[in-house]
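Those letters in the sequence shown? Residues 30 to 428, per the working numbering, in order. For each residue, glycine too, the CB sits at the ideal point set by N, CA and C. Quick caveat, the model's predicted, so the values are computed rather than measured. Report on the following structure.
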Amino acid sequence: MTEDIKDIKIKRKRLSPISIVLISLVVLVFSAIVVGGAFVLLYEPDPNKSNFGHYYETNTDGKIILPTDNEGNTITVPPIGDKEQPKGVFNFLILGHDKVAKNTDIIMIVRYNIDENTISIVQIPRDTYVNVSGKKSHKINALYGAYYNSAKKAGSKDPTMEALSQLAGLLQTTFHIRINHAAIIDIDGFVNIIDIIGGVYMNVPADMKYTDKYQNLYIDLKKGEQWLDGEKAMQFVRYRSGYVNADIGRTNALKIFMSALLKQVKENMSISTVSKCATEILSNMKSTVELQDFMYFAKNAFSVDLSKVYMVTLPGKGLMVNGASCYVLCRADVLDVINNHLNVFNEDIKDSEFDPYRILTDETNSKVSNIYTSPLGTVKAEVYVASDVNENSINIPRR
Numbered sequence: 030m031t032e033d034i035k036d037i038k039i040k041r042k043r044l045s046p047i048s049i050v051l052i053s054l055v056v057l058v059f060s061a062i063v064v065g066g067a068f069v070l071l072y073e074p075d076p077n078k079s080n081f082g083h084y085y086e087t088n089t090d091g092k093i094i095l096p097t098d099n100e101g102n103t104i105t106v107p108p109i110g111d112k113e114q115p116k117g118v119f120n121f122l123i124l125g126h127d128k129v130a131k132n133t134d135i136i137m138i139v140r141y142n143i144d145e146n147t148i149s150i151v152q153i154p155r156d157t158y159v160n161v162s163g164k165k166s167h168k169i170n171a172l173y174g175a176y177y178n179s180a181k182k183a184g185s186k187d188p189t190m191e192a193l194s195q196l197a198g199l200l201q202t203t204f205h206i207r208i209n210h211a212a213i214i215d216i217d218g219f220v221n222i223i224d225i226i227g228g229v230y231m232n233v234p235a236d237m238k239y240t241d242k243y244q245n246l247y248i249d250l251k252k253g254e255q256w257l258d259g260e261k262a263m264q265f266v267r268y269r270s271g272y273v274n275a276d277i278g279r280t281n282a283l284k285i286f287m288s289a290l291l292k293q294v295k296e297n298m299s300i301s302t303v304s305k306c307a308t309e310i311l312s313n314m315k316s317t318v319e320l321q322d323f324m325y326f327a328k329n330a331f332s333v334d335l336s337k338v339y340m341v342t343l344p345g346k347g348l349m350v351n352g353a354s355c356y357v358l359c360r361a362d363v364l365d366v367i368n369n370h371l372n373v374f375n376e377d378i379k380d381s382e383f384d385p386y387r388i389l390t391d392e393t394n395s396k397v398s399n400i401y402t403s404p405l406g407t408v409k410a411e412v413y414v415a416s417d418v419n420e421n422s423i424n425i426p427r428r
């Protein structure tokens, strides 16, 4: 049986202008999603990029003063921008400040080596002695506030970011490292972020009770394992009055908290849940980190084992300076820590490159100078590993 095959002409319906616009929009949106997704997957930040300049000291005429050695000879320090660093290694400056005086009670520089899957967290005690030209206070935690007030007085549109940039530039020059990004967070932002991720389960090593009505600070925590929401977590990291070495005790308590926080994030969150709250997390801080940077680092950080997260406090000694309790850094021991945990270059940072302006000392004060110039090994920096801290905690001497 044969069938008659007839040519069938399909009549094409002409699209209306509105339909064409709608289809075009759909295609554009779909293309944007595909391209944007590919961009996030393929995006890789430039490790040689820094958002911060070089710190210089100037005379009364505004001319740059070149750094000199102990004999008065001019020191030639190669610009950090001229040094290449390998791909996948980044430094971040992280600051936490209070509401009242804008003192930065938390100062950390974090090196993240993506290729080696390691994270080093270097804590700078808030009482660290500094001798910065034109600044009255000799404590490092007052520098951000001083830069902020100067920027605000000068009419800056964003004094927070300007102050953050100036402090990052000073630390970058002093330690002769490259700082790729910086972030600052206040108390409210910290509380919000901890609540966003669902709190932190940890062991509070001892009862903590303290009241400071001026700062509106009320700490009341009981010893034992418990969930800390944002408010209680803030109380834990700010507590210091019960420790024998108040400032150093608090830096060690922060190590306990950070170890528990990292464990909480790795065990109870995924990259998809982090991405959902990324915008909210970034909105609770001021930083140079863009959303694509955040996603890139977060995506890679999930593969870091807690046994490869190292935490260390810059080594130094306590000293009363002009009636104030300060913490003077030991130059040789600090340089050793910097080379092992913050150096992002392919070669060691030289002694001649470290602290060229002698910001971390006062050569007219023999007590400060003696600590600063003490030989390597005077104060051994203890390196803690996050996995060990979660298992064994840290013994913090109490009063």
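Local conformation of L57 per DSSP, three classes: Residue placement at L57 cannot be trusted, given a pLDDT of 45 that sits under 50; the coordinates are not used to answer.
Give me the Cβ distance between I226 and M298, rounded to the nearest whole Å; I'm assuming they're in contact under 8 Å. 7 Å
Pop quiz: I109 and L343 are said to be a contact at Cβ under 8 Å. What is the actual Cβ separation, rounded to whole angstroms? Not a contact, Cβ separation roughly 19 Å.
Reduced DSSP secondary structure (H/G/I, E/B, other) of Y243: Y243 falls in the coil class under three-state DSSP.
Report the residue ranges of all alpha helix (DSSP H) runs contained in full by the region 163-205; include only those spanning at least 4 residues, in chain order. 172-182 and 188-204
Excluding the 5 residues preceding and the 5 following V118 in the sequence, name in chain order all residues of the same chain whose CB lies nearer than 8 Å to its CB. P76, R140, Y141, N142, I143, D144 and V373
Specify the secondary structure class of R269 as computed by DSSP and reduced to three states. coil
From what residue to what residue does the beta strand (DSSP E) around I150 run? T147 to Q152
Distance, M231 Cα to N281 Cα: 14 Å
Considering just the uninterrupted stretch of the beta strand (DSSP E) at G347, what are its terminal residues? Start and end: G345 to V350.
Please tell me whether V159 and L389 are closer than 8 Å, where the distance is taken between their beta carbons. Remark: C-beta atoms of V159 and L389 approach each other more closely than 8 Å.
Would you say V229 and A289 are within 8 Å of each other, going by their C-beta atoms? For V229 and A289, yes; Cβs fall inside 8 Å.
Nearest-angstrom beta carbon gap, F265 and M237 [assumed within contact, 8 Å]: 7 Å
Where does E113 sit, in a helix, a strand or coil, going by DSSP? coil
Pick helix, strand or coil for E296, following the three-state DSSP scheme. For E296, the three-state secondary structure derived from DSSP is helix.
V15 vs H370 beta-carbon contact at 8 Å: The structure shown does not extend to residue 15, since the chain is modelled only from 30 through 428, so no value can be given for it.
Please report the straight-line C-alpha distance between K409 and I138, rounded to a whole angstrom. 19 Å
Own chain, CB closer than 6 Å to N329, minus 5 neighbours either side, in chain order: Answer for N329: I143, listed in chain order.
Euclidean distance between Cα positions of S148 and N419: Note that residue 148 is Ile in the sequence shown here, rather than Ser. One C-alpha to the other measures close to 16 Å.
Taking C359 as the reference, give the member of V303, Y401, D134 and D391 with the closest Cα. Taking each of V303, Y401, D134 and D391 in turn and checking the Cα distance to C359, the smallest one comes out for Y401.
Assigned secondary structure, L124 (DSSP; H/G/I helix, E/B strand, else coil): strand
Paired residues, beta bridge with N232 - DSSP: E254
Residue burial classification, K284 (beta-carbon count within 10 angstroms, cutoff 16): buried
For the beta strand (DSSP E) that contains H370, what are its first and last residues? Segment R360 to H370 is the alpha helix (DSSP H) holding H370; no beta strand (DSSP E) there.
Output the distance between the C-alpha atoms of L199 and C306, rounded to the nearest integer angstrom. 32 Å
Going by CA-CA distance only, name the one from R387, L246, E296 and T317 that's closest to D334. E296
Roughly how far, in whole angstroms, is the beta-carbon of A235 from the beta-carbon of R427, given that I think they are within contact range, below 8 Å? 6 Å
What three-state label does DSSP hand A415 in the structure shown? helix
Identify every residue that forms a DSSP beta bridge with F119. Y141
Neighbourhood of E309 by C-beta distance below 7 Å, restricted to the same chain and skipping five residues each side: I225
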